[in-house]
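Under UniProt numbering, the residues of the sequence shown are numbered 1 to 270, in order.
Backbone N, C-alpha and C fix where the C-beta goes; we use that ideal spot for every residue, glycine too.
Working notes, structure below.
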Amino acid sequence: MVKKTTSEQRRELGAFLVSRRARLNPQDFGMQQGARRTPGLRREEVAVLAGVSVSWYTWLEQGREIKPSADALQRIAKVLKLNRIESSHLFALSPREEPVPHPLADGVSDGLKSLVRAIDPIPAYVRNARLDILAWNDAIADLFIDYGSLEPHERNTLRLLFLYRPYRTQILDWELMARGMISVFRASRAHAQDKKPFDHLIEELSEKSPEFKEWWLDTEVKGMGEGSKRLLHPTSGHIEFTYVALTPEGRPDLSLVTYIPRHVACDSQS
């Protein structure tokens, strides 16, 4: 998608590129430091490394009204060694929308893992766009299942909903939750650059779960950023939660999901 940019944005984009270019060390790219009038890489060096023409890259730094492709911007970002925030800033100033990150990108930061552990006893986990569970705390494991006892491919919310039998009795609104997660999964798949990991799970669940096979034919898509969940826990009885899913800054492919207790009743009242 192409956005309209102002002359001020284009000038700011050019200044940003110049500043990022100036901080680079030519020797890191196998070039001689030599006598350079300005620090960092030259324009023509960035252009060659990024696979674009020198004149085109010069126009970009000069703030001219050109429309770079998303692929060209990504190559420039790689050459300039931009981090995730800087790369997002590059796209924000450009006429192009930032491509959606690979939905199954590996790596949950140490800080995010620490946060999940620190908010215990509030149950929490981190999942990716395919609904794979990547990090969790003891409270969520006690609530549902010890994810550490599962194989990595089994740590998937959708898979557990349809293939792990205790979920059907423990989640009181199981069908509503299962249909909702299918719609979230469908929306994530539509954005995915690589749909194969999604399709492998669809094939498996379609073979093993008649409900999934039937409900997958629906076309509804929606998010589940916040809502309520009622559980009948084997030891704690009837528990109600408000679940909240938050997206970490710079990682739109991840969600931090927390379960905040709302109501607890003994078994005789459930």
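Q: Just mark Asn-83 as buried or exposed, buried being the case when its beta carbon has 16 or more other beta carbons within 10 Å.
A: In the sequence shown, the residue the question calls residue 83 occupies position 83. Flag for Asn-83 reads exposed.
Q.
So, under 8 Å CB-CB, Gly-51 and Arg-75 are touching, yes? Tell me the CB distance rounded to an integer number of Å.
A. Against the sequence shown, residue 51 aligns to sequence position 51. Against the sequence shown, residue 75 aligns to sequence position 75. Taking C-beta atoms under 8 Å as the contact rule, Gly-51 and Arg-75 qualify, at a distance of about 6 Å.
Q: Check whether the Cβ atoms of Ile-182 and Tyr-164 sit closer than 8 Å, and answer yes or no.
A: For the purposes of this step, residue 182 is taken as residue 182 along the sequence shown, with counting starting at 1. For the purposes of this step, residue 164 is taken as residue 164 along the sequence shown, with counting starting at 1. Their beta carbons are not under 8 Å apart, which means Ile-182 does not touch Tyr-164 by this criterion.
Q.
Using the three-state DSSP reduction, which class does Ala-265 fall into: helix, strand or coil?
A. One-based indexing of the sequence shown puts residue 265 at position 265. Only weak support exists for where Ala-265 lies, its pLDDT of 47 falling under 50; the value from the coordinates is given anyway. Three-state DSSP puts Ala-265 in a strand.
Q. If you measure from the beta carbon of Glu-204 to each beta carbon in chain B, is any gap under 8 Å?
A. Of the protein chains in the structure, only one exists, and it is not chain B.
Q.
Could you compute how far the alpha carbon of Glu-61 sits from the alpha carbon of Pro-99?
A. Numbered from 1 along the sequence shown, position 61 holds the residue referred to as residue 61. Numbered from 1 along the sequence shown, position 99 holds the residue referred to as residue 99. Roughly 21 Å separates the two Cα atoms.
Q.
Please identify the residue among Val-54, Leu-49, Glu-249 whose C-alpha is closest to the C-alpha of Leu-77.
A. Here residue 77 is taken as the residue at index 77 of the sequence shown, counted from 1. Just to set this straight, residue 77 is Ala in the shown sequence, not Leu. For the residues Val-54, Leu-49, Glu-249, the minimum Cα distance to Ala-77 belongs to Leu-49.
Q) Can you give the Cα-Cα distance for Ala-192 and Lys-213, rounded to whole angstroms? A) What you label residue 192 is simply residue 192 of the sequence shown in a count that begins at 1. What you label residue 213 is simply residue 213 of the sequence shown in a count that begins at 1. Whole-angstrom Cα-Cα distance: 21 Å.
(Q) If you measure between the beta carbons of Glu-12 and Met-31, is that distance less than 8 Å? (A) Within the sequence shown, numbered from 1, the residue matching residue 12 stands at position 12. Within the sequence shown, numbered from 1, the residue matching residue 31 stands at position 31. No, the Cβ-Cβ distance between Glu-12 and Met-31 is not below 8 Å.
Q: Look up Leu-254 in the DSSP assignment and say whether it is helix, strand or coil.
A: Reading the sequence shown from its first residue, position 254 is the one you call residue 254. Under the three-state reduction of DSSP output, Leu-254 falls in the strand class.
Q) Candidates Arg-168, Val-79, Ala-141, Leu-131: which alpha carbon is nearest Leu-17's? A) Sequence index remark: in the sequence shown, residue 17 carries index 17 (1-based). Checked all of Arg-168, Val-79, Ala-141, Leu-131; the closest Cα to Leu-17 is Val-79.
Q.
For the alpha helix (DSSP H) containing His-238, name the first residue and the last one.
A. Against the sequence shown, residue 238 aligns to sequence position 238. From DSSP, His-238 is part of no alpha helix (DSSP H) but of the beta strand (DSSP E) over 237 to 246.
**Q.** Alpha-carbon to alpha-carbon, Leu-93 and Arg-42
**A.** Here the question's residue 42 lines up with position 42 in the sequence shown. Here the question's residue 93 lines up with position 93 in the sequence shown. Rounded to the nearest angstrom, the two C-alpha atoms are 22 Å apart.
Q) Whose C-beta lies closer than 8 Å to the C-beta of Arg-96 among residues of the same chain, with five residues either side of it excluded? A) Along the sequence shown, one-based indexing puts residue 96 at 96. Closer than 8 Å at Cβ, skipping near neighbours: Met-1, Val-2, Lys-3, Lys-67, Pro-68, Ser-69, Ala-70, Leu-73.
Q: Provide the residue(s) that pair with residue 273 in DSSP beta bridges, ordered along the chain.
A: Because the chain in this structure spans residues 1 to 270, residue 273 falls outside the shown range and cannot be described.
Q) For Asp-132, which beta-bridge partners are listed by DSSP? A) Position 132 of the sequence shown, counting from 1, holds the residue named residue 132. Asp-132 is bridged to Asn-156.
Q) Would you call the segment 112 to 123 and the segment 250 to 264 touching, i.e. three or more CB-CB distances under 8 Å? A) As far as the Cβ criterion goes, the segment 112 to 123 touches the segment 250 to 264, which means the pair count is three or higher.
Q.
Just to confirm before moving on: does the CB-CB distance between Leu-201 and Arg-130 stay below 8 Å?
A. The residue labelled residue 201 in the question sits at position 201 within the sequence shown. The residue labelled residue 130 in the question sits at position 130 within the sequence shown. Contact: yes.
Q: Kindly give me the distance between the Cβ atoms of Trp-215 and Arg-179, rounded to whole angstroms, as I take these residues to be in contact under 8 Å.
A: On the sequence shown, residue 215 is found 215 positions in, with the first residue counted as 1. On the sequence shown, residue 179 is found 179 positions in, with the first residue counted as 1. Right, the Cβ-Cβ distance comes to about 6 Å (below 8 Å), so this counts as a contact.
Q) For Arg-189, which of helix, strand or coil comes out of DSSP? A) Here residue 189 corresponds to residue number 189 of the sequence shown, with the count starting at 1. Arg-189: helix per DSSP, three-state reduction.
Q. If you check the beta carbons only, do Leu-172 and Arg-230 fall under 8 Å apart?
A. As a first step, residue 172 must be located in the sequence shown, where it is residue number 172. As a first step, residue 230 must be located in the sequence shown, where it is residue number 230. Their beta carbons are under 8 Å apart, which means Leu-172 touches Arg-230 by this criterion.
Q) Roughly how many angstroms lie between the CA atoms of Gln-9 and Ser-55, to the nearest whole one? A) Here residue 9 refers to the residue found at position 9 of the sequence shown. Here residue 55 refers to the residue found at position 55 of the sequence shown. One C-alpha to the other measures close to 20 Å.
Q) When DSSP labels each residue in this structure, what does Ala-124 get in the three-state scheme? A) Counted from its first residue, the sequence shown places residue 124 at position 124. Of the three classes helix, strand and coil, the one that applies to Ala-124 here is strand, per DSSP.
Q: Could you tell me whether any non-hydrogen atom of the ligand PLP is closer than 7 Å to the CB of Asp-218?
A: The ligand content of the structure shown is nil, which means the ligand PLP is not present either.
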